[in-house]
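With the working numbering applied, the sequence shown closes on residue 373, and no number is skipped along the way. The structure appears right after this line, and notes come after that.
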Amino acid sequence: MAGGFPLRKWSANEEFLLTDVPAEHRMQRELRSWRPQESHATLGLQWHPCLDSFSFATKTSLVTSFTKRSVLSLTVRLFDPLGWLAPVVVSAKILFQATWLRGLDWDDPLSETDALQWKTYQAELPLLEQIRVPRRIYPGARGLGVELHGFADASEKAYAAVVYLRAQAQDGSWLVTLLAAKTKVAPLKTVALPRLELDAAALLARLAAHTKVTLKLPEVPLYLWSDAMVALGWIRGHPTRWKTYICGQ
125 MAGGFPLRKW
135 SANEEFLLTD
145 VPAEHRMQRE
155 LRSWRPQESH
165 ATLGLQWHPC
175 LDSFSFATKT
185 SLVTSFTKRS
195 VLSLTVRLFD
205 PLGWLAPVVV
215 SAKILFQATW
225 LRGLDWDDPL
235 SETDALQWKT
245 YQAELPLLEQ
255 IRVPRRIYPG
265 ARGLGVELHG
275 FADASEKAYA
285 AVVYLRAQAQ
295 DGSWLVTLLA
305 AKTKVAPLKT
315 VALPRLELDA
325 AALLARLAAH
335 TKVTLKLPEV
345 PLYLWSDAMV
355 ALGWIRGHPT
365 RWKTYICGQ
């Protein structure tokens, strides 16, 4: 059960893992090995059982008439709950914010310059299908060294946070895996860069806390990184020293 609902369409890349699952609850009713070229889709992702990796599906109808309505549809087309495509998604959000500032109606055509930017973005989306994200995040036993590292940064247009897991293999080497990321577009009202960097740090703190709980890693060391010296100074200082906004963050 998850959220009060019985789970269905179970799938695995090893047959023995499904022997106790009723056939009507499996993705494939018959127990068999997956073929190398086979995959199946879930929530906008493709899972490749033989490679045990994920890829992204971007094959959708092309936008030919670029309006505020059509580019909004293009912006939300990528379903990326873990933020693996954060650099691409936030670029689309920044583009849409710029489009919004033009003051156009929903079905007014964009300018030639703006339309060209969206056309380029759309043309590059299929390249995402070449990306493969390994499902496995541990190179060996979980008893070996495991750390969580998070990074936060900001620009005048957006800010972001990302969390990685660093795990030690049996041979002593370390594997670094992207776990999750979050992005936010900067507000329309001009905000000083140090405040945006503080917002990024707050976003990272929430993302890292959620990641630790979700992966059940309460004892794993957590390191959060930022090169924003002003924001770090605010974080280290007592909240009563700062203005309301900074204190709240």
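Note that beta-carbon positions come from the ideal geometry of N, C-alpha and C, so glycine has one too. Values in this document were obtained by computation on a predicted structure and should not be read as measured data.
Classified as exposed, A147 has fewer than 16 neighbouring CB atoms from the shown chains inside 10 Å of its CB. Residue pairing by DSSP puts D277 in a beta bridge opposite A284. Within its own chain, the residues whose Cβ lies closer than 8 angstroms to the Cβ of L198, once the five positions on either side in sequence are excluded, are V187, A216, W242, Y245 and Q246, listed in chain order. The DSSP-derived three-state label of A324 is helix. A contact is defined here as three or more CB-CB pairs under 8 angstroms, and the region 193–207 fails this definition with respect to the region 292–300. Listed in chain order, the non-local C-beta contacts of A325 below 6 angstroms within the same chain comprise A276, S350 and A355, local neighbours out to five positions each way being set aside. Y347 is classed as exposed because its beta carbon has fewer than 16 other beta carbons within 10 Å across all chains shown.
Judged by their CB atoms, L331 and A352 are not nearer to each other than the 8 angstroms cut-off. The residues Q241, W242 and Y245, in chain order, have a CB closer than 7 angstroms to that of L219 in the same chain once the five nearest residues on each side in sequence are set aside.
Nearest C-alpha to Q161 among L328, L167, E154 and S179: S179.
Here A165 is bridged, per DSSP, to Q170. In the same chain as W134, and ignoring 5 residues on each side of it, the C-beta atoms closer than 8 angstroms to its own belong to L142, V145, H149, R150 and M151, in chain order. For S163 against R256, the beta-carbon gap comes to about 11 angstroms, at or over 8 angstroms, which does not count as contact.
F190 counts as buried, since no fewer than 16 other beta carbons sit within 10 angstroms of its beta carbon. Around L167, the same chain offers F203 and P205 as residues with beta carbons nearer than 8 angstroms, after the five sequence neighbours per side are excluded. Straight across, the Cα-Cα distance linking A136 with S279 is about 42 angstroms. DSSP places F220 in the uninterrupted alpha helix (DSSP H) bounded by A210 to W224. Ranked by how close their Cα comes to the Cα of H334, the residues L175, P233, V287 and D323 have V287 in first place. In this structure, A291 places its C-beta atom within 8 angstroms of the C-beta atom of V270.
Shown here for Y262: same chain residues with a beta carbon closer than 7 angstroms to its own, the five before and five after excluded, namely A291 in chain order. Sequence-distant partners of A165 (beyond 5 residues in either direction) whose C-beta falls short of 7 angstroms from its own C-beta, in its chain, are A181.
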